[in-house]
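One line per chain: the protein sequences are V and W, in this order. Its first residue numbered 1, the first sequence is counted upward by one per residue in full-length UniProt numbering. Its first residue numbered 1, the second sequence is counted upward by one per residue in full-length UniProt numbering. Think of the CB as a built atom: it goes at the ideal place given N, C-alpha and C, for glycine as much as any other residue. Comments concern the structure below.
Protein chains: 2
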Amino acid sequence: MNKLDRSLIVGLPAFEGLTAETLDVVLASARSQRIEKDTAVFEQDAEANSFFILLDGRVRVVKLTPDGQQVIVRYIVPGELLGIAQAIGRSTYPASAIAVTDCVVLAWPGKLWAEFATAHPGFGMNTYKTVGTRLQDVQTQVVEMATEQVERRVAHALLRLVQQSGRKTDEGLLIDFPISRQDIAEMTGTTLHTVSRLLSAWEEKGLVISGRQQVTVTQPHRLMLLAEGRVERD
Amino acid sequence: MNKLDRSLIVGLPAFEGLTAETLDVVLASARSQRIEKDTAVFEQDAEANSFFILLDGRVRVVKLTPDGQQVIVRYIVPGELLGIAQAIGRSTYPASAIAVTDCVVLAWPGKLWAEFATAHPGFGMNTYKTVGTRLQDVQTQVVEMATEQVERRVAHALLRLVQQSGRKTDEGLLIDFPISRQDIAEMTGTTLHTVSRLLSAWEEKGLVISGRQQVTVTQPHRLMLLAEGRVERD
DNA sequence: CGAAGCGTTGAACACAATCAATTCAAGTGG
DNA sequence: CCACTTGAATTGATTGTGTTCAACGCTTCG
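Listed below in structure tokens is the structure:
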């Protein structure tokens, strides 16, 4: 295995405030790994043997219900931690993580997490902060699902995706990884049919341009108004 | 202010593994406080000046949407932490906490949290573990809301309440604090009307006995079947 | 005793799910 | 390069669950 370069992780929030030496120590036990598109980084309920940082690509975190339905919990972008079951006191992964595009991750043995956290308090702090952020994210999602109807939920979901992964093109903000109506449906607790209809309607109105596994938001502001319910529902 | 007795908090998960001396140190800066029924422990968006442990009573954690709708995020039972904004890196409370019954809490100045966490790593660990647990709770709630229809969601909510706060009576398991249809509606993202109809129907079938601000589950097993969708839908 | 809050119930409606049929786009292999 | 396969998307028709609107009964409490 090649020695990994420090520059890979310097500047990532998870390692903020750590000394160069510590970074090297941490990297020494890391293993870099390629994950092919549509394959799993880890599977729900499997032993949590590793935790990861995504260096490149996009990962979808998915929960599977007993009766086989899927819910997309969140998308992971480069620089984010994933599979930190240890940090929340679990020995198995609570969800599956699937590569949406070809990905590169750094992987550490799960047992090292506790070591890192105690030896480098800053690291522990940082990961806890991400857990805290995610708790808040999920809670706002609950509020949305409880109070908003489908159209606004889908609008919110799109806006979040754009914010996380929007790439500016001449038409607008493109969500720069493949995403299907089905995916959006699984994020918002609806059906691909309803999502399809909504996107078609929005395309009519000039808010978005969408194609096969691809969505561009052309008028974020108007979509925002729609998401907030201060509308314009024709 | 009277000196607080160590026995108040010994045995609570949040302080598990701490020495008697540490407990005394921690208690020295705590302030015991009575909260009258229907008043706030803290308010959403207010400066997070304190964090708390609930010693007695029940607290409802509520999120308010911009347009005035409420969502009940969770209920707190004695022994649990609340208002730990600091632990998730916030300076304001993300939700309001309302006493459902008369309550007793211990309160600490918010700034002390970081001190405690570094001085007594065990304390930090424990609170992070509760944050982790809550993250998981909320995530399963999202999955429920995305995949299950109202009847099953309400059934799940009742079962959770019974598990948390069930008191055995000769009729079954009573949720031992006042809870209205409106409350259940705000937990499950539906309306009080629908909840009312469901409870009436379940009472017909002998699953529950419900009255004014009070619910008793008489046949938890059958309610469970209903919640899991392996039914029996009349 | 009157008022306010909680709960029940009926009727009508609407949003979105479900069912179903096609069209469209992107590979894959002969 | 074209036929074929497969998965994604669109669109129409229908159904049903749950909301909305409305009126009323029952408690509790001041």
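Against residue i, what residues of chain V qualify as contacts under a CB-to-CB distance less than 8 Å, listed in chain order?
i, result
"residue 92 of chain W", "By Cβ distance, chain V contributes nothing, its closest Cβ being about 11 Å from residue 92 of chain W, past 8 Å."
"residue 229 of chain W", "67"
Compare the C-alpha of residue i against each of the options and name the closest.
i, options, result
"residue 94 of chain W", "W:79, W:62, W:20 and W:187", "W:62"
"residue 236 of chain W", "W:82, W:101, W:159 and W:179", "The structure shown does not extend to residue 236 of chain W, since chain W is modelled only from 1 to 234, so the question has no answer here."
"residue 205 of chain V", "V:76, V:124, V:218 and V:211", "V:218"
"residue 38 of chain V", "V:194, V:103, V:224 and V:54", "V:103"
"residue 176 of chain V", "V:190, V:18, V:139 and V:100", "V:100"
"residue 179 of chain W", "W:152, W:20, W:74 and W:140", "W:74"
"residue 225 of chain V", "V:4, V:77 and V:159", "V:159"
"residue 220 of chain V", "V:172, V:67, V:84 and V:167", "V:172"
"residue 86 of chain W", "W:47, W:43, W:69 and W:168", "W:47"
"residue 212 of chain W", "W:184, W:228, W:116 and W:53", "W:184"
"residue 190 of chain V", "W:216, W:144, W:202 and W:194", "W:144"
"residue 30 of chain W", "W:168, W:148, W:202 and W:52", "W:52"
"residue 137 of chain V", "W:88, W:169 and W:162", "W:88"
"residue 50 of chain V", "V:116, V:112 and V:202", "V:112"
"residue 14 of chain W", "W:227, W:124, W:228 and W:60", "W:124"
"residue 36 of chain W", "W:6, W:68, W:161 and W:58", "W:58"
Is the beta carbon of residue i sitting closer than 7 Å to the one on residue j?
i, j, result
"residue 45 of chain W", "residue 92 of chain W", "yes"
"residue 71 of chain V", "residue 40 of chain W", "no"
"residue 33 of chain W", "residue 107 of chain W", "yes"
"residue 192 of chain W", "residue 182 of chain W", "yes"
"residue 150 of chain V", "residue 142 of chain W", "no"
"residue 126 of chain W", "residue 21 of chain W", "no"
"residue 155 of chain W", "residue 223 of chain W", "yes"
"residue 79 of chain V", "residue 4 of chain V", "no"
"residue 188 of chain V", "residue 153 of chain V", "yes"
"residue 164 of chain W", "residue 77 of chain W", "yes"
"residue 18 of chain W", "residue 135 of chain V", "no"
"residue 54 of chain W", "residue 10 of chain W", "no"
Going along chain W, which residues have a C-beta under 9 Å from residue i?
i, result
"residue 88 of chain V", "128, 129, 131, 132, 133, 135 and 136"
Run down chain V in chain order and give the residues with a C-beta less than 7 Å from the C-beta of residue i.
i, result
"residue 143 of chain W", "63, 65 and 71"
"residue 40 of chain W", "Here the premise fails: no neighbours, minimum Cβ distance about 18 Å."
Going along chain W in order, which residues have a C-beta closer than 8 Å to the C-beta of residue i?
i, result
"residue 121 of chain V", "118"
"residue 44 of chain V", "The premise fails here: residue 44 of chain V is roughly 11 Å from chain W at the closest Cβ pair, so nothing lies under 8 Å."
Give me the chain V residues within the contact set of residue i, using Cβ-Cβ distance strictly less than 9 Å, ordered along the chain.
i, result
"residue 48 of chain W", "Near residue 48 of chain W there are no residues of chain V at all, since even the closest Cβ is about 12 Å away, more than 9 Å."
Check your understanding: Any chance the region 118 to 138 of chain W sits against the region 180 to 200 of chain W, with 3 or more Cβ pairs inside 8 Å?
Key -> Touching, no.
Check your understanding: Listed in chain order, which residues of the UniProt domain "HTH crp-type" (148 to 221) of chain V have Cβ atoms closer than 8 Å to some Cβ of chain W?
Key -> For the UniProt domain "HTH crp-type" (148 to 221) of chain V, residues whose beta-carbon sits nearer than 8 Å to a beta-carbon of chain W comprise 186, 188 and 189.
Exercise for review: With 9 Å as the C-beta to C-beta threshold (strictly closer), list the residues of the region 7 to 33 of chain W near chain V in chain order.
Suggested key: Correct list: empty, as no residue qualifies.
Practice item. Mind checking the region 98 to 118 of chain W against chain V and listing, in chain order, the residues whose C-beta falls within less than 8 Å of any C-beta there? Key: Of all residues in the region 98 to 118 of chain W, the ones placed with a Cβ closer than 8 Å to any Cβ belonging to chain V are 118, in chain order.
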